[in-house]
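The block underneath contains the structure these notes are about, expressed in structure tokens.
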Amino acid sequence: MYKSFTGRDPLSGESLVVHCAAGRIASIEPGAPDETAWLAPGLMDLQVNGFLGDDFNADDLTSDAVQRLARHILATGVTTFLPTIITASEEKIIHNLRIIAAARQADPLVMQMIPFVHVEGPHIAPEEGPRGAHPLEQVRPPDIAEFMRWQAASGNLVVMVTLAPEYSGVVDYIHALSARGIHISLGHTSANQDQIHAAATAGAHLSTHLGNGVANLLPRHPNLIWAQLADDRLTATFIADGHHLPADTLTAMLRAKTLQRAVLISDLVMLAGLPAGKYVTPVGGKVELHPDGRLNLTESGYLAGATAPLKDAIAYVAANTGFTLGEAVLMATANPGRFTNARGVLRVGASADLIKFRWEQGYSTLAIESAIVLGRSWH
């Protein structure tokens, strides 16, 4: 039995009818020319720490919290996302990986929405600035044996690792993980340009929230941002919330990486969606959430994650960078889909993960009308 969804393709502007069956797209045909809503693949977010009071980094993370997070995130139009565990003790990383793995087994929606996990750290720069909100006491060099323990505990659930490429032995670590199909991303680093390029040669092919997780002051040139922008082997992820990167900076970086190698992420943390105020969180400790959505460490002022969902980032890019709505959607669907088992496309045989939304110039977000996973709504 088919379920059908109608809307306009944001990239081509053409009206479509997408027929779904057995969790897959069965056929696509032209739709009515007067269709006003947009229809796109479900959004894909490679970096989600938490949302609406729940945190994948919580000491007391539960399977229920993971299931609740998935449903809250789905309501924002994201149908695939990577829970992101930041720098912590090995014991805590393994514990939270096990909880996420158990939640996937317990809930078919979570199984579909979470294909794997992103571990951001603990192999990052220890310096203030590049380290961001990560705890200094848990920063440590890459260790293949530790990675293998993560995988043994989680059933090989870790498939993305963010690290700083300036560590001794990091090339061997990148080689070893890349050979296992792990996506290595460069971030929270103080590396020089040679170390950036050496990491890409070893197999790294992503940059984590480029332009952030770096020192406040850098040499004009050369520096690690120029090196990552210039290296076509690296696809860069960007936080497009107006706080992490000013509009002009984001525009220049997107143009440098080109549409093909640009991915939008949210980097959402547990305070996203909560009232402004001062909080104590698992990520960063004492933080302040401002009415405009900026979240920073209370003492240093460094950013402590983001609070704008991916649907806001798409609207921000479409309104502020010269890229079209369709191109911004591509940065949050097909482009991250290259790192999540080729999801994020509207084509016959693809997973029936879709969103229908409304947007026009002047909107600060996508108005999500429906979010479909495996061809059905999950209310």
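Using my numbering, the first residue of the sequence shown is number 838, and each one after it goes up by one.
The beta carbon of each residue, even a glycine, is placed where N, CA and C say it ideally should be.
It should be emphasised that the depicted structure is a prediction, and the values quoted were computed from it without experimental measurement.
Item                                                                                                                        : Value
Chain-order list of residues whose beta-carbon lies under 6 Å from that of A1109 (same chain, five-residue window excluded) : F888, T1144
W875 - containing beta strand (DSSP E), residue span                                                                        : 875 to 878
Range of the contiguous beta strand (DSSP E) that encloses A1037                                                            : Per DSSP, A1037 belongs to no beta strand (DSSP E); it is in the alpha helix (DSSP H), 1030 to 1039.
Nearest candidate by alpha-carbon position, reference D1068, set L1082, A1052, H1080, L1047                                 : L1047
Nonlocal neighbours in the same chain, by C-beta distance under 8 Å from T1118, ignoring five residues either side          : D892, V1106, M1107, L1108, V1124, A1141
Meets three-Cβ-pair contact criterion under 8 Å: the segment 1036 to 1054 and the segment 1069 to 1080                      : yes
Test item: CB-CB of S849 and G868 under 8 Å                                                                                 : no
Beta-carbon spacing of S1022, T1045 below 8 Å                                                                               : yes
Pick from L1203, H971, F1075 that is closest to D1149, judged by C-alpha positions                                          : L1203
Residue nearest to P1112 in terms of C-alpha spacing, selected from H1034, L1096, V1100, D1129                              : D1129
Residues of its chain near W1063, where Cβ-Cβ distance is below 8 Å and the 5 sequence neighbours each way are ignored      : Q1030
M1090 versus L934: straight-line alpha-carbon distance, rounded                                                             : 33 Å
Distance, T1177 Cα to R941 Cα                                                                                               : 16 Å
Exposure of K1115, with buried meaning 16 or more beta-carbon neighbours within 10 Å                                        : exposed
Run of the beta strand (DSSP E) containing Y1237, from where it starts to where it stops                                    : The requested residue 1237 does not occur in the structure, where the chain is confined to residues 838 to 1216.
Supposed contact pair P972 and T921 - C-beta distance, whole angstroms, cut 8 Å                                             : So it is not a contact: roughly 15 Å between Cβ atoms.
Pair within 8 Å by beta-carbon distance, K1193 and W987                                                                     : no
Environment of P1083 [buried if 16+ CB atoms lie within 10 Å]                                                               : exposed
Straight-line gap, S1214 to A859 (C-alpha atoms, nearest Å)                                                                 : 13 Å
For G1181, the nearest candidate out of A877, E866, D846, K840 (CA to CA)                                                   : A877
Three-way DSSP call (helix, strand, coil) for M950 in this model                                                            : helix
Cutoff 6 Å; reference P1146; Cβ partners in own chain excluding five residues on either side                                : T913, S1103
Simplified DSSP assignment, three categories, for F984                                                                      : helix
Status (buried if at least 16 other CB within 10 Å, exposed otherwise) for Q1097                                            : exposed
Closest residue to T1135 among G969, V995, V947, S926 (Cα-Cα distance)                                                      : G969
Where L1162 falls, given that 16 or more other Cβ within 10 Å makes a residue buried                                        : buried
Beta-carbon proximity of L880 to A1169, cut-off 8 Å                                                                         : yes
Cutoff 8 Å: T1158 Cβ touching any chain B Cβ                                                                                : Chain labels in this structure do not include chain B; a single protein chain is all it has.
For D871, the nearest candidate out of H856, V885, I862, R845 (CA to CA)                                                    : R845
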